[in-house]
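Note sheet for the following structure.
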């Protein structure tokens, strides 16, 4: 029962028969988290709770009734309450206009395998403190192949689906296994293979739009970012890009060349790191996530199939909430990835289908590792 107080998206307790590992020893020392708030920050948190309650955004038991969730938004605006409220209001309005709940239930890329080959990204196991590891192989990104497989609008929707799945499914499962609240990811950005030719304007624009989604609507979900196999020219890119980053974000970023293993092993056990990145895990499948959340999804889907066969499948009461809530993490099977073939694939470009028309560019943008400054009226990117 006590664990339910730590989850933002659902208040359902783990199944009684679920055997959880021992909690991971951890003491929070970073500033701006519920365990480390100063007296002034606690007052701002209380004021935020009161204001969201008055507006009926925060309702007992919903996603906003969680200090860890609220502190993510407070850190993103340095605990300045008026700016936090503007950010949250913008986010709630965007959720409604973008139909985030409907997207999470129904969206799927038309050619997911082709997109995965053209831009390999996967969540693979957890780091030493229990956070899911997001492996982002930017160095192998093929923007021409992406354009053949998906539109920019579809790529944005896929990023939103990924983040919603992370918040609704991955983080609650990782929290159960870590024995504490997990609401951030450990990101490994592998630049092996990146060249100036690949780092062209179209690639930068796509990455800028995708990271803009994180800055605007999923702040403070990046616990740490390791950029590895960084080529020499990236030093110039970083020297410009870091000027526009929030100081808190810059502290999370570590940039390394090819001798990164010892530093990475400080944060990730080698058994959880793919052999391609210097670890001992040879089970990496770029088409499929692996982690504590996968077993939970598999069990949920199996239970649903069993209930259907018995003719007694129940409708999930927490399937969909209003703007003040979210779909249940345990009621959201990974239908997005289930359509992808089960066998591992080589990272090769797919045969080219007819190119789709180019969509209109997203109006509001942020710069992150793209040598482009944010708009004058915007906050520095905080992810």
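Numbering (the working numbering), first residue to last: 258 to 640. Beta carbons are placed, not taken as given, at the ideal position from N, Cα and C, and that holds for glycine.
Query - Inter-residue Cα distance where the pair is residue 372 and residue 542 - result: The count along the chain shown starts at 1 and reaches residue 372 at position 115. The count along the chain shown starts at 1 and reaches residue 542 at position 285. Cα to Cα, the separation comes out at about 14 Å.
Query raised in the report: Which residues bound the alpha helix (DSSP H) around residue 494?
Result: Numbered from its first residue, the chain shown carries residue 494 at position 237. Where residue 494 is concerned, the enclosing alpha helix (DSSP H) stretches over 491 to 498.
Query - Reduced DSSP category for residue 394 - H, G, I as helix; E, B as strand; rest coil - result: Stepping through the chain shown from its first residue, residue 394 is reached at position 137. Coil at residue 394, not helix or strand.
Requested in this report: Determine the burial state of residue 490: buried for a count of at least 16 other Cβ atoms within 10 Å of its Cβ, exposed for fewer.
Outcome: The residue you call residue 490 lines up with position 233 of the chain shown. Counting Cβ neighbours within 10 Å, residue 490 comes out exposed, since fewer than 16 surround it.
Query raised in the report: Does the distance from the CB of residue 488 to the CB of residue 521 come in under 8 Å?
Result: The residue you call residue 488 lines up with position 231 of the chain shown. The residue you call residue 521 lines up with position 264 of the chain shown. Not a contact, by the Cβ cut-off of 8 Å.
Report task. Quick one: measure Cβ to Cβ for residue 299 and residue 293, integer angstroms, because I've assumed they're closer than 8 Å. Result -> Within the chain shown, the letter at position 42 stands for residue 299. Within the chain shown, the letter at position 36 stands for residue 293. So it is not a contact: roughly 10 Å between Cβ atoms.
Report task. Could you tell me whether the stretch 336 to 345 touches the stretch 360 to 376, using the rule of 3 or more Cβ pairs below 8 Å? Result -> no
Query raised in the report: If you drop the 5 nearest sequence neighbours on each side, which residues of the same chain put their C-beta closer than 6 Å to that of residue 467?
Result: Position 210 of the chain shown holds residue 467. Answer for residue 467: 416, listed in chain order.
Requested in this report: Could you tell me the boundaries of the beta strand (DSSP E) in which residue 224 lies?
Outcome: A question about residue 224 goes unanswered here, because the residues of the chain that appear run from 258 up to 640.
Requested in this report: Between the Cα of residue 462 and those of 482, 353, 355, 410, spot the shortest distance and give me the residue it belongs to.
Outcome: The residue you call residue 462 lines up with position 205 of the chain shown. When only C-alpha atoms are compared, the closest one is 410.
Requested in this report: Under 8 Å by Cβ, that's how I've got residue 315 and residue 322 pegged, so tell me the actual separation to the nearest angstrom.
Outcome: Here residue 315 refers to the residue found at position 58 of the chain shown. Here residue 322 refers to the residue found at position 65 of the chain shown. Contact holds; Cβ gap of about 6 Å.
Query raised in the report: CA-CA distance, residue 303 and residue 483?
Result: Counting from one through the chain shown, the residue named residue 303 turns up at place 46. Counting from one through the chain shown, the residue named residue 483 turns up at place 226. The alpha-carbon atoms of residue 303 and residue 483 are separated by roughly 34 Å.
Query raised in the report: Under 8 Å between the Cβ atoms of residue 528 and residue 535?
Result: Position 271 of the chain shown, counted from the first residue, corresponds to residue 528. Position 278 of the chain shown, counted from the first residue, corresponds to residue 535. No, the Cβ-Cβ distance between residue 528 and residue 535 is not below 8 Å.
Query raised in the report: By the 10 Å Cβ neighbour count, where 16 or more other Cβ atoms means buried, how is residue 313 classified, buried or exposed?
Result: Here the question's residue 313 lines up with position 56 in the chain shown. Under this definition residue 313 is an exposed residue.
Requested in this report: Determine the contact status of residue 444 and residue 393, defining contact as a CB-CB distance below 8 Å.
Outcome: For this step, residue 444 is matched to residue 187 along the chain shown. For this step, residue 393 is matched to residue 136 along the chain shown. Yes. Within cutoff.
Query - Burial state of residue 576, where buried means 16 or more other Cβ atoms lie within 10 Å - result: Taking the first residue of the chain shown as position 1, residue 576 is located at position 319. At residue 576, the pLDDT of 31 sits below 50, so the modelled position is not reliable and the matter cannot be decided from this model.
Report task. Measure the CB-CB distance between residue 470 and residue 413 and report whether it falls below 8 Å. Result -> Numbered from 1 along the chain shown, position 213 holds the residue referred to as residue 470. Numbered from 1 along the chain shown, position 156 holds the residue referred to as residue 413. Result yes, Cβ atoms of residue 470 and residue 413 sit closer than 8 Å.
**Report entry** residue 310, enclosing alpha helix (DSSP H) - first and last residue
**Finding:** For the purposes of this step, residue 310 is taken as residue 53 along the chain shown, with counting starting at 1. Segment 296 to 311, the alpha helix (DSSP H) holding residue 310.
Query - Buried versus exposed call for residue 465 [16 or more other C-beta atoms within 10 Å across all chains shown] - result: Reading the chain shown from its first residue, position 208 is the one you call residue 465. By the neighbour-count rule (16 or more Cβ atoms within 10 Å), residue 465 is buried.
**Report entry** Which listed residue (309, 398, 437) has its alpha carbon closest to that of residue 277
**Finding:** In the chain shown, residue 277 corresponds to position 20, counting from 1. Nearest of 309, 398, 437 to residue 277, Cα basis: 437.
Query raised in the report: Nearest to residue 422 by alpha carbon, out of 407, 440, 338, 455?
Result: In the chain shown, residue 422 corresponds to position 165, counting from 1. Nearest option by C-alpha distance: 440.
Query raised in the report: Using the C-alpha atoms, what's the distance from residue 525 back to residue 518?
Result: Residue 518 sits at position 261 when you count from the first residue of the chain shown. Residue 525 sits at position 268 when you count from the first residue of the chain shown. Going by the C-alpha atoms only, they are around 10 Å apart.
Query - Three-state class that DSSP yields for residue 214 in the structure shown - result: Because the chain spans 258 through 640 in this model, residue 214 falls outside it and cannot be assessed.
Query raised in the report: Can you give, in chain order, each stretch of the alpha helix (DSSP H) that sits fully within the stretch 360 to 408 and has at least 4 residues?
Result: 369 to 375, 400 to 406
**Report entry** Nonlocal neighbours in the same chain, by C-beta distance under 8 Å from residue 329, ignoring five residues either side
**Finding:** By 1-based counting over the chain shown, the position of residue 329 is 72. These residues qualify, in order along the chain: 440, 476, 477, 478.
Requested in this report: Kindly indicate which residue of 282, 333, 295, 279 has the alpha-carbon position closest to the one of residue 503.
Outcome: As a first step, residue 503 is located in the chain shown; it is residue number 246 there, counting from the start. That would be 333, whose Cα lies nearest to the Cα of residue 503.
Requested in this report: Below 8 Å CB to CB, which residues in the same chain sit around residue 396 once its five sequence neighbours on both sides are set aside?
Outcome: Position 139 of the chain shown, counting from 1, holds the residue named residue 396. Counting only Cβ-Cβ distances below 8 Å, and skipping sequence neighbours, we find 447, 448, 449, 450, 451, 455, 486.
**Report entry** Buried versus exposed, by CB contacts within 10 Å (16 or more), residue 540
**Finding:** To locate residue 540, count along the chain shown from 1; it is residue 283. With fewer than 16 Cβ atoms within 10 Å of its Cβ, residue 540 is classed as exposed.
Query - Under 8 Å between C-beta atoms of residue 418 and residue 355 - result: Against the chain shown, residue 418 aligns to sequence position 161. Against the chain shown, residue 355 aligns to sequence position 98. Contact flag unset, no.
**Report entry** Three-way DSSP call (helix, strand, coil) for residue 547 in this model
**Finding:** Position 290 of the chain shown, counting from 1, holds the residue named residue 547. The answer is strand: DSSP assigns residue 547 an E or B state.
Query raised in the report: Just how far apart, CA to CA, sit residue 296 and residue 545?
Result: As a position in the chain shown, residue 296 is number 39, starting the count at 1. As a position in the chain shown, residue 545 is number 288, starting the count at 1. Their Cα atoms are separated by approximately 44 Å.
Query raised in the report: What do you get for residue 430, buried or exposed, if any count of 16 or more other CB atoms within 10 angstroms of its CB means buried?
Result: Locating residue 430 in the chain shown gives position 173, where the first residue counts as 1. Flag for residue 430 reads buried.
**Report entry** Buried versus exposed, by CB contacts within 10 Å (16 or more), residue 350
**Finding:** Position 93 of the chain shown, counted from the start, is the residue given in the question as residue 350. By the neighbour-count rule (16 or more Cβ atoms within 10 Å), residue 350 is not buried but exposed.
Query raised in the report: Whose C-beta lies closer than 7 Å to the C-beta of residue 388 among residues of the same chain, with five residues either side of it excluded?
Result: Here residue 388 is taken as the residue at index 131 of the chain shown, counted from 1. The answer, listed in chain order, is 431, 439, 441, 442, 443, 480.
Query - Cβ neighbours of residue 283 in the same chain (closer than 7 Å, five flanking residues each side left out) - result: For this step, residue 283 is matched to residue 26 along the chain shown. The answer, listed in chain order, is 386, 437.
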